[in-house]
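The working numbering puts the sequence shown at residues 3 to 173. First up is the structure itself, then whatever we jot down about it.
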Amino acid sequence: MSNFKGINHLALVTGDMEKTVRFYRDVLGMPLVATIGNRPDSYPYRHYFFKLGEGNTIAFFEWPGMVEEFHKPAGLPTRGRVQFDHVSFNVENEEALLELKARLEEHEIEVTPVIDHKILHSVYFTDPNGIALEATYWVKDPTTREVDYSDPELFADPDPVPSARPRVPAA
């Protein structure tokens, strides 16, 4: 029986977070529900999450100057660089995360300790194909509440791109 309840986040990369926010939020209509990273003293890159459904997001790391833009038709193989980082599977709670970690270790699969990302806790491991995987549970789930840009836990980027800043109502 599976403890998985969806994909917590699919983590992709972008060289331009502003363009990414405008497309996923403004064009596709996916609410921007969390912004983390962008802190030189800990993790210097932005990591933004867009809601797909309750408990499920697509997320982007912004790696300026490191991502080569290209277009690849869906479902066709390619050579060279690929804009994909890892898949994160959503689990119910800490107990489910620890059970999975123990199961991976029983199968002699290398797995990280539980990583505290403040709003979520995760373990990381790799599938037999070399695909980076993560199992995660939300400590504070941004997909089950109204978006609150003033929440410093969910919107922790001290200098968000302009499109991710709180919208000021017109006078």
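Where a beta carbon is used, it is the ideal one built from N, C-alpha and C, also for glycine.
Subject >> Rounded C-alpha distance that separates S44 from T37 >> reply: Position 42 of the sequence shown holds residue 44. Position 35 of the sequence shown holds residue 37. CA-to-CA, the gap between S44 and T37 works out to about 14 Å.
Original post:
Alpha carbon to alpha carbon, how far is T22 from V93?
Top reply: Here residue 22 is taken as the residue at index 20 of the sequence shown, counted from 1. Here residue 93 is taken as the residue at index 91 of the sequence shown, counted from 1. If I take the Cα positions, the gap works out to 27 Å.
**OP:** Tell me S90's beta-bridge partners as DSSP assigns them.
**Re:** The count along the sequence shown starts at 1 and reaches residue 90 at position 88. H11, E136.
**OP:** Using 10 angstroms around the beta-carbon of E97, count the other beta-carbons present and answer buried if the total reaches 16, otherwise exposed.
**Re:** Locating residue 97 in the sequence shown gives position 95, where the first residue counts as 1. Its Cβ having fewer than 16 others within 10 Å, E97 is exposed.
Original post:
Within 10 angstroms of its Cβ, does L99 collect 16 or more other Cβ (buried), or is it exposed?
Top reply: Stepping through the sequence shown from its first residue, residue 99 is reached at position 97. L99 is buried by the Cβ-count criterion.
**OP:** Quick one: give me the first and last residue of the beta strand (DSSP E) that T37 is part of.
**Re:** For the purposes of this step, residue 37 is taken as residue 35 along the sequence shown, with counting starting at 1. From DSSP, the beta strand (DSSP E) with T37 extends over 34-39.
Original post:
Since W65 contacts Y47 with CB under 8 Å, what's their CB separation in whole angstroms?
Top reply: Sequence index remark: in the sequence shown, residue 65 carries index 63 (1-based). Sequence index remark: in the sequence shown, residue 47 carries index 45 (1-based). Indeed, because the Cβ distance is near 6 Å, the residues count as touching under 8 Å.
Original post:
Under a three-way DSSP split, which group does A125 fall into?
Top reply: By one-based count along the sequence shown, residue 125 stands at place 123. Checking the sequence shown, residue 125 turns out to be Val, not Ala. Reduced to three states, the DSSP call for V125 is strand.
Original post:
In whole angstroms, what is the alpha-carbon distance linking F6 and P130?
Top reply: Position 4 of the sequence shown, counted from the first residue, corresponds to residue 6. Position 128 of the sequence shown, counted from the first residue, corresponds to residue 130. Their backbone Cα atoms lie some 19 Å apart in a straight line.
**OP:** Consult DSSP for V113 and reduce its assignment to one of helix, strand or coil.
**Re:** Residue numbering aside, residue 113 sits at position 111 when the sequence shown is read from its first letter. Looking at V113 - three-state DSSP - the assignment turns out to be strand.
**OP:** Answer with yes or no whether the minimum CB distance from L78 to chain D is below 9 Å.
**Re:** Of the protein chains in this structure there is only one, and it is not chain D.
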